[in-house]
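>
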Amino acid sequence: MTDKKIKARIKLLIPGGQATPAPPIGSNLAPYGVNLQEFCKQFNDKTRQRQGEIFRVIVSVYEDKTFNFQIKEAPVSFLLKQYAKIEKGSKDSSIVARITMDQVREIAKRKMKDFNTQDLEKAVKMILGTARSMGIEVVEK
């Protein structure tokens with residue numbers, strides 16, 4: 198790890214392989230003096246294989262204007278919409294889509310490193326809660 202002092206920690210959602218210095222990336226990082234071209238180049242190189250997927254990115258900006266970043270998996274809601282093949286979830290309690298329990302387990306396995314548990318069943322319960330709130334019904338097969 199580094200001994201440099203962190204000036205800011207910024208959280209962003211960025212599509213894989215598609216970072217540009219334009220807003221929202223530029224408007225969030227430029228005030229801290231981050232080299233936007235360099236950030237976009239590094240991010241795009243690391244995510245090129247998964248173009249179009251949304252990633253949670255945590256950027257640490259140091260006082261000397263250098264930076265590093267962590268790339269995390271897509272938000273659970275994005276993955277659920279992707280598996281259910283829908284644009285958005287329900288505004289109320291109505292069911293808008295269905296996915297299988299196997300798909301929920303796949304999502305849980307992808308998200309395990311981002312969750313605060315290493316227990317797959319607990320991760321599955323977290324995914325089920327999000328699915329329920331989005332109007333996505335989970336069926337066995």
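For the sequence shown, the positions run 198 to 338 when our numbering is used. Heads up, the beta-carbon is just placed ideally off N, CA and C, and yes, glycines get one too. Quick caveat, the model's predicted, so the values are computed rather than measured.
For phenylalanine 236, which option in Lys308, Gly249, Thr217 has the closest C-alpha, if you only look at C-alpha atoms?
Thr217
> DSSP on threonine 297, reduced to helix/strand/coil?
strand
> What's the gap between the Cα of glutamine 267 and the Cα of threonine 297?
30 Å
> According to DSSP, simplified to helix, strand and coil, what is glutamine 267?
strand
> For glutamate 337, which residues from the same chain have a beta carbon less than 6 Å from its beta carbon, with the 5 sequence-adjacent residues on both sides left out?
Met298
> Would you give the residue range spanned by the alpha helix (DSSP H) that arginine 253 belongs to?
Element bounds for arginine 253: not the alpha helix (DSSP H) but the beta strand (DSSP E), 251-259.
> In chain order, what residues of the same chain have a beta carbon less than 7 Å from the beta carbon of arginine 245, not counting five sequence neighbours either side?
Correct list, in chain order: Gly214.
> Which whole-angstrom value describes the C-beta separation of valine 301 and valine 321, a residue pair presumed to lie in contact below a C-beta threshold of 8 Å?
6 Å
> Once you ignore the five residues that flank glycine 207 on each side, which residues in its own chain have a CB closer than 6 Å to its CB?
The amino acid occupying residue 207 in the given sequence is isoleucine; glycine does not appear at that position. These residues qualify, in order along the chain: Asn225, Val256.
> Can you list, in chain order, the residues of its chain whose CB lies under 7 Å from that of lysine 204, leaving out five sequence neighbours each side?
Tyr229, Val258, Tyr259, Glu260
> According to the neighbour-count rule (16 or more other Cβ atoms, all chains shown, within 10 Å of its Cβ), is isoleucine 292 buried or exposed?
exposed
> Contact check, leucine 276 vs arginine 247 under 8 Å by CB: the rounded distance?
Not really, about 12 Å apart at Cβ, beyond 8 Å.
> Give me whichever residues DSSP pairs with arginine 206 in a beta bridge.
Ser257
> Which of helix, strand or coil does DSSP assign to isoleucine 211?
strand
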